[in-house]
Amino acid sequence: MKEIYALGIGHNTPVFIDLAEACGYRIAGLYHYNDSRTGEYDHGFEILGSFDDLLSLPTLSSKNFLLTMGNNNIRAELFEKILKKGGNIPSLIHPTAVISRFASIAESGVYISPFVYLQADSSIDKNTVVLSHVNISHNTTIGKNCFLAGNATVGAYTVVEDGVFIGQGALTISAKVSKIGKNAYIAARALVTKDVPENVIVVGAPARVMEK
Ligand SMILES: CC(C)(COP(=O)(O)OP(=O)(O)OC[C@H]1O[C@@H](n2cnc3c(N)ncnc32)[C@H](O)[C@@H]1OP(=O)(O)O)[C@@H](O)C(=O)NCCC(=O)NCCS
Numbered sequence: 000m001k002e003i004y005a006l007g008i009g010h011n012t013p014v015f016i017d018l019a020e021a022c023g024y025r026i027a028g029l030y031h032y033n034d035s036r037t038g039e040y041d042h043g044f045e046i047l048g049s050f051d052d053l054l055s056l057p058t059l060s061s062k063n064f065l066l067t068m069g070n071n072n073i074r075a076e077l078f079e080k081i082l083k084k085g086g087n088i089p090s091l092i093h094p095t096a097v098i099s100r101f102a103s104i105a106e107s108g109v110y111i112s113p114f115v116y117l118q119a120d121s122s123i124d125k126n127t128v129v130l131s132h133v134n135i136s137h138n139t140t141i142g143k144n145c146f147l148a149g150n151a152t153v154g155a156y157t158v159v160e161d162g163v164f165i166g167q168g169a170l171t172i173s174a175k176v177s178k179i180g181k182n183a184y185i186a187a188r189a190l191v192t193k194d195v196p197e198n199v200i201v202v203g204a205p206a207r208v209m210e211k
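Right, here's the structure in full:
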């Protein structure tokens, strides 16, 4: 059986472990952000060391890694460091997901959870998390290092730029929303009716920029 090491120990971690196991991997151990828990067990898996311990190994070649943290910036940084050391971060697609044969998913770090629907002529770039029941319509591009929370719907003909967070149950209207700018944050249940600029939080129905 293929082995995989999980990085990050938080509330999301067992969710991603479930996904890896559903995709045929055995969890070989966990790594934490610091060394305070080394040697302990979490959800039955041994904590083998810190991220620094892992990244100080001469090479990570031929090893598989699972990134379980929700924060897009932290995940992006670790993603690059692990690949640079030769590690493999396989994309994982849950067997219940429905993926059009005309859609494409990057090879590394894309996590497609149960009951996701990815329609034709759409794509998902590397290191992007798609949680359960997300619906990505046709002719839509999802950038790298994004996080799409459960039940979100991304309409057709939309470019979702890198680092975007889309909250639970948010909906972007097909064709009306052509771009969601880099690192934008869409609140839970937001109804997005027009383009969203970079680096803003939008909230409500219709969604408006929230003052920080
Ligand atoms: C928008 C969001 C970032 C605001 O969080 P916050 O800065 O902690 O804000 P607060 O909870 O203090 O709420 C501030 C105000 O906005 C309102 N509000 C919060 N979230 C809202 C939302 N999604 N839609 C509409 N109003 C919202 C609150 O009711 C509150 O209103 P009030 O001042 O009239 O009482 C957050 O609520 C949210 O939607 N996050 C997405 C969560 C998610 O989908 N996670 C997925 C994890 S898998």
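In numbering that gives the first Met the number 0, the protein residues as written are 0 to 211.
For each residue, glycine too, the CB sits at the ideal point set by N, CA and C.
Bear in mind the structure is a predicted one, so any value in this text is a computation, not a measurement.
Check	Outcome
Stretch pair the stretch 102-117 + the stretch 37-46: three plus CB contacts closer than 8 Å	no
First through last residue of the beta strand (DSSP E) which encompasses Lys1	1-6
Contact set for Gly7: own chain, Cβ-Cβ below 6 Å, skip 5 residues either direction	Thr67, Met68
Contact the stretch 90-101 vs the stretch 113-129: 3+ CB pairs below 8 Å	yes
Burial state of Tyr24 (16 or more Cβ within 10 Å)	buried
Nearest-angstrom Cα separation, counted from Asn144 out to Gly28	24 Å
Exposed unless 16 or more other CB atoms sit within 10 angstroms - verdict on Asp161	buried
Burial state of Arg100 (16 or more Cβ within 10 Å)	exposed
Length of the line joining the Cα atoms of Leu65 and Ser136	27 Å
Burial state of Val163, where buried means 16 or more other Cβ atoms lie within 10 Å	buried
Environment of His31 [buried if 16+ CB atoms lie within 10 Å]	buried
Gln118 to Ile185 span [Cα, whole Å]	21 Å
The stretch 75-85 contacting the stretch 9-18, beta-carbon criterion three pairs below 8 Å	no
Beta-carbon spacing of Thr152, Asn138 below 9 Å	no
Contact set for Phe114: own chain, Cβ-Cβ below 6 Å, skip 5 residues either direction	Thr95, Ser131, His132
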